[in-house]
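Below: the structure, in structure tokens.
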Amino acid sequence: MTDSYTPPRVWTWDKASGGAFANINRPIAGPTHDKDLPVGTHPLQLYSLATPNGQKVGIMLEELLAAGVAEAEYDAWLIKIGDGDQFSSGFVDINPNSKIPALVDHSVSPPRRVFESGSILVYLAEKFGKFLPADGPARTETLSWLFWQMGAAPILGGGFGHFFAYAPEKWEYPINRYAMEVKRQMDVLDRHLAEHDYMAGDDYTIADIAIWPWYGGIALGRSYEGANVFLDAPNYKHLMRWAEQIDARPAVKRGRIVNKANGPLEEQLHERHDASDFETKTQDKLQGAA
């Protein structure tokens with residue numbers, strides 16, 4: 035950075051911060067407009083966007099269905115965060131923090147809201163008895179890695195990702211600072227996965243489902259254009275093996291494109307209401323039929 039900044043004694047919001055998403059950044063909570071959320075026919079209603087945090091829940095639901103849990107059928111509704119959909123009165127009612135993803139379970143009365151991606155993963159895992167050991171060391175290990183992701187990902191996303199990809203200018207200090215920490219995190223994962231097939235040991239769990247969209251996304255070159263090269267992702271061979279192993283799962287291939295609104299048209303499924311939507315409702319199919 036070339037210009038020095040002296041923070042005021044009391045910070046005030048007097049101008050947009052600049053960079054991507056500046057139009058939706060604000061220092062206050064609550065709704066900006068009245069709008070009810072749509073509700074489909076299935077027990078579970080997902081309101082999301084296929085960011086790494088949003089992908090976790092789409093993947094979890096598709097994995098549950100693949101495991102034969104018919105009760106995990108769901109409707110997925112697109113929340114366009116760039117348009118401020120997360121600040122509607124309906125969305126704020128189910129997540130006061132106005133962040134995706136959010137889930138409403140209509141199989142219970144009254145319907146139950148669940149927000150924060152880690153909480154949703156635990157809720158679904160416990161509800162259906164899948165992808166989270168019931169007790170013992172394996173459960174503890176799974177939850178430890180799940181919460182590792184909750185604490186680590188803001189360094190990758192809000193730190194490295196913001197300054198590498200979204201800030202209005204490229205500044206050496208924050209990019210170097212966060213790149214160093216992300217590489218340390220990738221080394222943590224690489225060393226661990228050198229001795230384990232999955233994050234919690236021999237079995238695939240919600241820890242893998244939580245971590246993969248963030249760190250698998252970096253490893254596979256899907257997050258922040260050029261970041262995989264900049265961070266030398268191929269050098270983390272065990273992380274790469276794990277990322278590719280999970281990427282090959284059919285449920286992951288489906289779940290990661292649920293509520294996806296960017297990238298290749300064949301990978302954009304804006305809404306999901308039926309398993310057949312993956313074959314007939316991706317944007318390449320819809321635009322080809324128009």
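Numbering-wise (my numbering), the sequence shown opens with residue 35 and increments by one. We put the beta carbon where it would ideally sit given N, CA and C, even for glycine.
Pair within 7 angstroms by beta-carbon distance, residue i and residue j
i: I134; j: G88; result: yes
i: L155; j: L80; result: no
i: N281; j: E300; result: The sequence shown places Asp at residue 281, rather than the Asn named in the question. No; because the gap between Cβ atoms is not below 7 angstroms, this pair is not in contact.
i: E96; j: A285; result: yes
i: F198; j: I209; result: yes
i: I58; j: G152; result: no
i: M94; j: L158; result: yes
i: G193; j: Y212; result: yes
i: D169; j: L78; result: no
i: D109; j: H307; result: yes
i: G195; j: Y249; result: no
i: F121; j: T66; result: yes
i: A277; j: A253; result: yes
i: K217; j: A84; result: no
i: Y200; j: A54; result: yes
i: L180; j: E305; result: no
i: H272; j: A323; result: no
i: P247; j: P86; result: yes
i: M48; j: S123; result: Looking at the sequence itself, residue 48 is Asp, so the reference to Met does not match. The answer is no: Cβ separation not under 7 angstroms.
Exposure label - residue i; buried when at least 16 CB within 10 Å
i: Q321; result: exposed
i: V292; result: buried
i: G224; result: The displayed chain sequence assigns Asp, not Gly, to residue 224. The residue is buried, with at least 16 neighbouring Cβ atoms inside 10 Å.
i: R256; result: buried
i: K204; result: exposed
i: G297; result: exposed
i: F125; result: buried
i: G64; result: exposed
i: I115; result: buried
i: T316; result: buried
i: V91; result: buried
i: T46; result: exposed
i: P42; result: exposed
i: G251; result: buried
i: S143; result: exposed
i: S178; result: exposed
i: T314; result: exposed
i: A50; result: exposed
Residues near residue i in its chain [Cβ-Cβ closer than 7 angstroms; skip 5 each side]
i: E175; result: A234, G235
i: F312; result: R288, L303
i: V73; result: Q79
i: M184; result: G152
Test: residue i CB closer than 7 angstroms to a CB of chain B
i: I252; result: Any reference to chain B falls outside this structure, which holds one protein chain only.
Cβ neighbours of residue i in the same chain (closer than 6 angstroms, five flanking residues each side left out)
i: A101; result: K164
i: R283; result: none
i: R147; result: I128, V138
Contacts around residue i, its chain only, beta-carbon distance under 8 angstroms, and the 5 residues preceding and following it disregarded
i: S82; result: G88, V91, G92, A110, W111, L112, I113, I134, P135, A136, V292, N293
i: N262; result: I252, A253, L254, G255, P268
i: P61; result: W47
### Query
So does the segment 237-244 actually touch the segment 155-166, counting three or more Cβ pairs closer than 8 angstroms?
yes
### Query
Where are the alpha helix (DSSP H) runs, 4 residues long or more, that stay fully inside the segment 117-164, in chain order?
123-128, 151-162
### Task
Could you pull out every unbroken alpha helix (DSSP H) segment of at least 4 residues lying fully inside the segment 207-258, listed in chain order?
240-245
### Message
Going residue by residue through the segment 279-307, where are the continuous beta strand (DSSP E) segments of at least 3 residues, counting only ones entirely within it?
### Response
none
### Task
Write down every uninterrupted run of the alpha helix (DSSP H) in the segment 41-103 whose length is 4 residues or greater and which is fully enclosed by it, in chain order.
The segment 41-103 contains, as complete alpha helix (DSSP H) runs of 4+ residues, the segments 86-100 (chain order).
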